[in-house]
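In the UniProt record's numbering, the protein residues as written are 1 to 243.
Written as structure tokens, this is what we have:
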């Protein structure tokens, strides 16, 4: 690779510009000074064997950021749909634990029957009362009942309350909070945190036209994904209010 210019920095870093390739690379050289009596004297004519060299391709930062933005968008859509399902979500009891500490999913499974009912199948008849108590104590305001046509009494039905204007507005409120968390919060997967992290990486690189161009590209990319995130939110919000 032909080097056109090498800038010597006081931090012992080289910023290398390539004429043949339109990428900006940074070489970090950390050489140990073996001569204790020559403190303050640094020689760059000889590369120490124990030097570590890292090459940074700033375009790769943009690619990495885009990949993370995509993952955030996909996860956001999943969380919105879970919120949309509300208490009709078959996974609503999955995080519960019985009084003895046993996970709900280890003793029972949940399926949906129509729009207004969940069916809970308990694996062991000895756990039925424990499962009923667990659901009643969950704070979900749902009451499990034994199925009259179940000879083993291991099947429970949970009748879901009808949706009201208040319940829909509460769902939209929860939906909005999910959107804000994914848009700009301190969570690692939020678009704001991803943008900040990669912008900081670019700021640490010696500034030139290529770096500034990448910064603008990152800003535009972030704005585009914020718009996509908002489109997902608006779509689910509309479905909830019109259901």
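Glycine included, each C-beta is placed from N, C-alpha and C at the ideal position. Fair warning: this is a prediction, and the values are worked out from it, not measured in the lab.
Extract the residue ranges of the alpha helix (DSSP H) inside the segment 163 to 226, only unbroken runs of 4 or more that lie entirely within it. Counting whole runs of 4 or more residues, the segment 163 to 226 contains the alpha helix (DSSP H) stretches 165 to 183, 191 to 203.
For residue 127, collect the residues of the same chain with a Cβ closer than 6 Å to its Cβ; drop the 5 residues on either side in sequence, then sort them by chain order. Setting aside the 5 residues that flank it on each side, residue 127 is surrounded in the same chain by 107, each with a C-beta closer than 6 Å to its C-beta; the list follows chain order.
If we count Cβ pairs, one from each stretch, closer than 8 Å, do we get three or more for the segment 142 to 154 versus the segment 116 to 131? A contact exists between the segment 142 to 154 and the segment 116 to 131.
Distance between residue 217 and residue 10 (C-alpha atoms, nearest Å): With a pLDDT of 40 at residue 10, under the threshold of 50, the modelled position of this residue cannot be trusted; read the value that follows with caution. Across the structure, residue 10 and residue 217 are spaced so that their CA atoms are roughly 30 Å apart.
Quick check: is any heavy atom of the ligand SAH less than 6 Å from the C-beta of residue 152? Of ligands this structure carries none, so the ligand SAH is not represented either.
For my contact list, residue 121 and residue 109 are in at a C-beta cut-off of 8 Å; report their separation, rounded to the angstrom. Contact annotation, residue 121 with residue 109: C-beta distance approximately 5 Å; criterion of less than 8 Å satisfied.
From the DSSP secondary-structure annotation, give me the bridge partner or partners of residue 147. Residue 147 is not bridged to any residue.
Whole-angstrom distance between residue 196 and residue 203, CA atom to CA atom: Rounded to whole angstroms, residue 203 to residue 196 spans 10 Å at the Cα level.
Under a three-way DSSP split, which group does residue 80 fall into? In the structure shown, residue 80 sits in a helix (DSSP, three-state: H, G or I).
If you pair each beta-carbon of the segment 223 to 236 with each one of the segment 79 to 95, do three or more pairs fall below 8 Å? Pairwise C-beta distances place the segment 223 to 236 in contact with the segment 79 to 95, as three or more of them are shorter than 8 Å.
If you drop the 5 nearest sequence neighbours on each side, which residues of the same chain put their C-beta closer than 6 Å to that of residue 98? The beta carbon of residue 98 sits closer than 6 Å to the beta carbons of 130, 134 from its chain, once the five residues preceding and following it are set aside; these are given in chain order.
Cβ neighbours of residue 240 in the same chain (closer than 8 Å, five flanking residues each side left out): Taking C-beta separations shorter than 8 Å and ignoring five residues to either side along the sequence, the partners of residue 240 in its chain run 84, 168, 171, 172, 175, following chain order.
Three-state secondary structure assigned by DSSP to residue 75: Of the three classes helix, strand and coil, the one that applies to residue 75 here is helix, per DSSP.
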